[in-house]
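Chemist: Just passing along the structure, written as structure tokens.
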Amino acid sequence: MFLKRIELQGFKSFADKTIVQFDHDITGIVGPNGCGKSNINDAIRWVLGEQSVKSLRSGTNMSDIIFSGSEFRKRVNIAKVTLVFDNTAKVFDSPFEEIEITREIHRANNEAGYYINKTPCRLKDIQELIMDTGLGRDSLSIISQGNISSFADARPEERRGLFEEAAGVAKYKKRKKISLQKLEKTKENLDRLQDIIDELQRQIGPLEKQAEKARQYTAYKDELFEIEISVLVEEIEALDHAIKQTEHEIVAAKAQQIEQETRLDQNDASIEALRKESYALDARIQALQQQYTKAMEESVQLEKRKVELDEKRKYTLQAADLKQKKAALFEMKQEAEYEYNDRKARLNDLRTRYAQDANALNQKKEQLSGLNEKLMKERNALGQLENRQHVLDNMIRQPYQHQAGVRTVMNARKSLEGIEGTVSELIVPKPDMAAAVSSALSGTMYQIITKNEACARNAIRFLKNNQSGRATFLPMTVCEHPRYPSSQNRAIAQSVKGAIGWANEAVTCAPRYSNVKDRLLANIFITETLESANECAKRLHYSTKIVTIDGDVVHSGGAMTGGRNRNQSTPLTLKQEYEQLNGTIQNKKNQIDELVFSAGRTARQIEEEQQQLIAQQIECGKLENITAVKKQKLDSIRDEYDQIHVDADGIQPGESDDSLVQQISAMHRTIDDLTSQMNALRTTRMSKGKELEQLETDIRAQRREINAILQEIHKNEMQHASFKAKQESALERLNADYQMTYEFACTKRKDIDIDAARERVRELRNLIARLGNVNLDAPAQYDEIKERFDFLTNQKNDLLEASRQILEAIEQMDETMTNQFTDMFDKINTELDGVFKSMFGGGKARLSMVDPEDVLNTGIDIDVQPPGKLIKNIQAFSGGEKALIAISVLFAILKARRIPLCIFDEVEAALDQGNVERFARYLSHFRDQSQFIVVTHRPGTMEQCDALYGVTMQQDGVSQILKVMLKDAVSYVHKEEQ
């Protein structure tokens, strides 16, 4: 048997699992109307691929075929049908000897499942499996009463499918349909390809020009690369020399400026002091002048009195006797002696004061020499401090002189993404903590902080490409969760004598770097002394690194590091040392300014005292002359007195006024003192005035010189900025255009004519500029589009070839289908007449093609003539006759071609009893040729069945299968007819 069994579960009225076994050539399925016997036919058609819900008589949705329940039974949620075929005759194109086809559907999601031998598959796979086996939906192998009636009434074109199925051309027709679809799709693809090819062709021309321009640009750039590196290196070297030269000139000019400004400040201070001194001198001179005027007035009065006295004495000497003359001369001699002694004493006092002032002047000169010597020493010390300041300044500006990798990255930080700076730049020690923090950080102070790991990897690639050394990078993303000491360790550390605090508290930084700071320093403790550090480390069980203010270290584990090198400066201590040195230099400059002021003041005092000594010398000379005159006067009076020989006894002195002489002498002494003081003050005032004028002249000259220095500094700074900008531009061009550092570019430098190279660089840049906008992607785009154009052109040719091959295949299939269809049509036509005569008891029948010229599309007409009738139009036949005609065609097909399985669903329902018996007898002729499953309730048909399955339906609305004997089936039918 071809169909061995059918298994139903949940399909329509078969709610329970039902198995129908087919063991005979002709199996009948009988039962009363509405029992569900036709559902077996529907189940077979459904498994074999029927998709029409209407054809399956199941409502509007495919899920309606699932048992929906009844008054006594709940509905089920899945319908499943399995057909088991015997494939030993290889009806199916499959290596398996038994084929099991299953289809199921779920109510919940209306999802269908298909299986071949329990393996999931597609509906298409089942349709291809049964193709050309005679089980197709267009064949008469599975027919019902409706199919029989519609066959006779169908249009000729609609009948064609039956004969195509019989001729076995369905697969060719399907292949042709697929081929035509492929051909149409190929045509669509060709049209689409042609549109794309046309568009690409429009792009190729401009792109080719752009690509050529880009290649020219690349050639220029490559040549530029070969020579511009050397030119840039030469320019950078020249600019570096110019920068250093201008820096030297700026430093020298600023030193001159500072020196001039210092001198200017000193001169301003000196002028202010001189002015104050001058004002004081003027006040003193004015006061002395007033005293002098008063003294002169008093002296004039005294002199008047003296003149009167002298006139009296002159008269006495002329008119008196010798005794009176002798007495007058005696008085005059006493006055002359007083005046002489007074002048002589004044001269001696002046000489003594001169000697004292000369000695004081020598002391002042020695003091000035000492001040100048000390000033020279201080200036030498200042020079040494300034040299150290210059060294520190260079070290601060170039802190990574011995870390080539760090220096390279920091110099190129503008062109590298995500470079934040070094640890020593971003973390600043608090006052007096630089040494401790330097020891705490150690080598990590030279680590470069980046935004993330990708930025660090990019910088490392940069160093590798330029062979510029190594550097360590610290991405901020890995510092997001720093570790802190436990509260216990914090308490222990703080309890140690000499404890200062944790290292992360001894520095400051921007808030965004706080995690970095804590990551590096949160677990390092600072103490005052090494002894404190040892004690702290011991209490912490040597688990923590301890550093001291001086930079000594007790490592975790107990190892100790300490001592001092001649130069152990770090970027952190450099800043502190620089600030301290600035304070020391400023103090030293203040000391030098004080020394300069003291030396200047002492020099001015020496000059004043020298002028005073000169004035004293002049006074001494005057007094010497006056004293000599007084001596001569005394000697003259003595001589005159001695020449008068008169007995001195009894001589009465004349009028004498010793107090007047003393007053006059005292007044002269006062006047001389005042004159001496005023002359000295005037000399000093004149010296101060000259000094003031000279200082004002010097100040004007200094200001002019300072302005000239400032202009020179500004000019040099502008040049320096210009040189620096050009150098940075050249360095940036090296980095941006050629991804090179200056150091690496020096290794690529070539020995070429730099002037010619510069000219060629200008030419190349002009050539590049004249190229205008260049699409550097154009060559790749052109190659890509050209490749695509060529590829699509080849595809087009392939599609054209495929179209030709498809057309050839269609022609071959058309030829095959024409031959097979014609052969089968002729065979069926040959068998039809005999079958028709058997079924109708005579007459004749034949098939004809509506359009014999178009075998592949022609409709099929049936020309029949039952015995005793002359009817040309088949539509005029009765329903039974139409059914018998269709059955005759079916049997003709069965004779012309073996069909392994035929399923008849009440096909003989329209026939009368005689024709039913004739149909049944003729059916038995194919017993050994095909397997028949007949759904019927006609006794004549039942009689020819080998086995009968009765379908019953109890009150719960569920169909059940019963195998019954033929006699039982006949009895059951008789009861039904009654």
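The opening position of the sequence shown corresponds to residue 302 in my numbering, with each subsequent residue numbered one higher. C-beta atoms are modelled at their ideal positions from N, C-alpha and C, and glycine is treated no differently.
(1) Let me check one thing: in DSSP terms, what residues is Thr-1253 bridge-paired to?
(2) Can you tell which of Ile-327, Leu-775, Asn-766, Met-734 has its C-alpha closest to the C-alpha of Gly-722?
(3) Considering Cα atoms alone, identify which of Asn-759, Tyr-655, Ile-827 is closest to Leu-742.
(4) DSSP three-state call for Gln-1232: helix, strand or coil?
(5) Taking the CB atoms as reference points, tell me whether Gly-469 and Asp-433 lie closer together than 7 Å.
(6) Rounded to a whole number of angstroms, what is the C-alpha to C-alpha distance between Phe-1205 and Glu-1116?
(7) Rounded to whole angstroms, what's the CA-CA distance from Lys-627 to Ala-637? Just pull it up for me.
(8) Around the C-beta of Met-1125, are 16 or more other C-beta atoms found within 10 angstroms, so that it is buried, or is it exposed?
(9) Among the residues of its own chain, which have a CB less than 7 Å from the CB of Arg-516, if the five just before and after it don't count?
(10) Would you identify the three-state DSSP class for Ser-769, choosing helix, strand or coil?
(11) Report buried or exposed for Ala-453, applying the criterion of at least 16 other Cβ atoms within 10 angstroms of its Cβ.
(12) Would DSSP call Cys-251 helix, strand or coil?
(13) Helix, strand or coil for Pro-421, going by three-state DSSP, please let me know.
(14) Excluding the 5 residues flanking Lys-934 on each side, which residues of the same chain have their C-beta closer than 8 Å to its C-beta?
(15) What's the call for Pro-812, buried or exposed, on a 16-neighbour Cβ count within 10 Å?
(16) Any chance you could list the alpha helix (DSSP H) runs of at least 4 consecutive residues sitting entirely within the segment 1069 to 1136, in chain order?
(17) What is the rounded straight-line gap between the Cα of Gln-310 and the Cα of Glu-465?
(18) Report yes if the C-beta distance between Ala-772 and Ile-749 is below 7 Å; otherwise report no.
(19) DSSP state of Phe-1192, grouped into three classes?
(20) Residues in its own chain within less than 6 Å of Thr-319 by CB, not counting five upstream and five downstream?
(21) Is DSSP giving Tyr-785 helix, strand or coil here?
(22) How many Å lie between Glu-412 and Met-363 at the Cα?
(23) By Cβ distance below 7 Å, which residues in the same chain neighbour Leu-1072 in space, the five residues on each side in sequence not counted?
(24) For Leu-686 and Thr-885, I'd like the C-alpha separation in whole angstroms.
(25) Skipping 5 residues on each side, what residues in its chain have a beta carbon closer than 7 Å to that of Ser-571?
(26) Answer yes or no: do Val-377 and Ala-316 have a C-beta to C-beta separation smaller than 7 Å?
(27) Classify Lys-477: buried if its beta carbon has 16 or more other beta carbons within 10 angstroms, exposed otherwise.
(28) Contact between the segment 1076 to 1093 and the segment 503 to 511 is defined here as three or more beta-carbon pairs at a separation below 8 Å; is this criterion met?
(29) For Trp-803, which beta-bridge partners are listed by DSSP?
(30) Please state the DSSP three-state secondary structure of Gly-1143.
(31) Would you mind giving the Cβ-Cβ distance between Thr-984 and Gln-913, rounded to the nearest angstrom? I have them listed as a contact below 8 Å.
(32) Would Phe-397 be called buried (16 or more neighbouring beta carbons within 10 Å of its own) or exposed?
(33) If the criterion is Cβ atoms closer than 7 Å, does the pair Glu-781 and Asn-816 meet it?
(34) Could you tell me which residues DSSP pairs with Gln-881 in its beta bridges?
(35) Whether or not the segment 1094 to 1105 and the segment 525 to 537 are in contact is what I'm after, with contact meaning three or more pairs of Cβ atoms, one per stretch, closer than 8 Å; do they touch?
(36) Please report how far the alpha carbon of Leu-430 lies from the alpha carbon of Pro-1168, in whole angstroms.
Modeler: Per the coordinate set shown:
(1) In the sequence shown, counting from the first residue as 1, residue 1253 sits at position 952. According to DSSP, which records beta bridges pairwise, Thr-1253 is partnered with Gln-1261.
(2) Here residue 722 corresponds to residue number 421 of the sequence shown, with the count starting at 1. When only C-alpha atoms are compared, the closest one is Leu-775.
(3) In the sequence shown, residue 742 corresponds to position 441, counting from 1. Cα-wise, what sits closest to Leu-742 is Ile-827.
(4) The count along the sequence shown starts at 1 and reaches residue 1232 at position 931. DSSP places Gln-1232 in strand when its eight states are reduced to three.
(5) The residue labelled residue 469 in the question sits at position 168 within the sequence shown. The residue labelled residue 433 in the question sits at position 132 within the sequence shown. Yes, Cβ-Cβ distance for Gly-469 and Asp-433 is below 7 Å.
(6) Taking the sequence shown and counting its residues from 1, one reaches residue 1205 at position 904. Taking the sequence shown and counting its residues from 1, one reaches residue 1116 at position 815. Looking at the two C-alpha atoms, the distance is approximately 34 Å.
(7) Looking up residue 627 in the sequence shown gives position 326. Looking up residue 637 in the sequence shown gives position 336. Approximately 15 Å, taken between the alpha carbons.
(8) As a first step, residue 1125 is located in the sequence shown; it is residue number 824 there, counting from the start. Met-1125 comes out buried.
(9) Translated into positions along the sequence shown, residue 516 becomes position 215. Counting only Cβ-Cβ distances below 7 Å, and skipping sequence neighbours, we find Pro-1080.
(10) As a first step, residue 769 must be located in the sequence shown, where it is residue number 468. It is coil, neither helix nor strand.
(11) Translated into the one-based positions of the sequence shown, residue 453 becomes position 152. Buried is the call here.
(12) A query on residue 251 cannot be resolved here, the shown segment of the chain reaching from 302 to 1279 and no further.
(13) Sequence index remark: in the sequence shown, residue 421 carries index 120 (1-based). In this structure, Pro-421 counts as strand in the three-state DSSP scheme.
(14) Your numbering for residue 934 matches position 633 in the sequence shown. The residues are Ala-637, Glu-640, Tyr-641.
(15) Here residue 812 is taken as the residue at index 511 of the sequence shown, counted from 1. When all chains shown are included, Pro-812 counts as exposed.
(16) none
(17) The sequence position of residue 310 within the sequence shown is 9, counting from 1. The sequence position of residue 465 within the sequence shown is 164, counting from 1. If I take the Cα positions, the gap works out to 34 Å.
(18) Here residue 772 corresponds to residue number 471 of the sequence shown, with the count starting at 1. Here residue 749 corresponds to residue number 448 of the sequence shown, with the count starting at 1. In this structure, Ile-749 lies closer than 7 Å to Ala-772 by Cβ.
(19) Within the sequence shown, numbered from 1, the residue matching residue 1192 stands at position 891. Helix, per DSSP.
(20) As a position in the sequence shown, residue 319 is number 18, starting the count at 1. So the qualifying residues of the chain are Leu-309, Ile-1262.
(21) By 1-based counting over the sequence shown, the position of residue 785 is 484. Three-state result, Tyr-785: coil.
(22) Here residue 412 refers to the residue found at position 111 when the sequence shown is read from its first residue. Here residue 363 refers to the residue found at position 62 when the sequence shown is read from its first residue. Each residue's alpha carbon lies about 10 Å from the other.
(23) For the purposes of this step, residue 1072 is identified with residue 771 of the sequence shown, where counting begins at 1. So the list reads Lys-514, Gln-517, Tyr-518, once near-sequence residues are dropped.
(24) Translated into positions along the sequence shown, residue 686 becomes position 385. Translated into positions along the sequence shown, residue 885 becomes position 584. Leu-686 and Thr-885: Cα-Cα distance of roughly 8 Å.
(25) Indexing the sequence shown from 1 puts residue 571 at position 270. Answer for Ser-571: Gly-901, Leu-996, listed in chain order.
(26) Locating residue 377 in the sequence shown gives position 76, counting from the first residue. Locating residue 316 in the sequence shown gives position 15, counting from the first residue. Yes, Cβ-Cβ distance for Val-377 and Ala-316 is below 7 Å.
(27) Locating residue 477 in the sequence shown gives position 176, where the first residue counts as 1. Lys-477 is buried by the Cβ-count criterion.
(28) yes
(29) If you number the sequence shown from 1, residue 803 lands on position 502. Paired residues: Phe-826.
(30) Start at 1 with the first residue of the sequence shown, and residue 1143 comes out as number 842. Coil.
(31) Mapped onto the sequence shown, residue 984 falls at position 683. Mapped onto the sequence shown, residue 913 falls at position 612. That pair is a contact at about 7 Å.
(32) Position 96 of the sequence shown holds residue 397. Answer is exposed; the Cβ neighbour count stays below 16.
(33) Your numbering for residue 781 matches position 480 in the sequence shown. Your numbering for residue 816 matches position 515 in the sequence shown. Result yes, Cβ atoms of Glu-781 and Asn-816 sit closer than 7 Å.
(34) Against the sequence shown, residue 881 aligns to sequence position 580. None; Gln-881 has no bridge partner.
(35) no
(36) Counting from one through the sequence shown, the residue named residue 430 turns up at place 129. Counting from one through the sequence shown, the residue named residue 1168 turns up at place 867. So the alpha carbons of these two residues sit roughly 43 Å apart.
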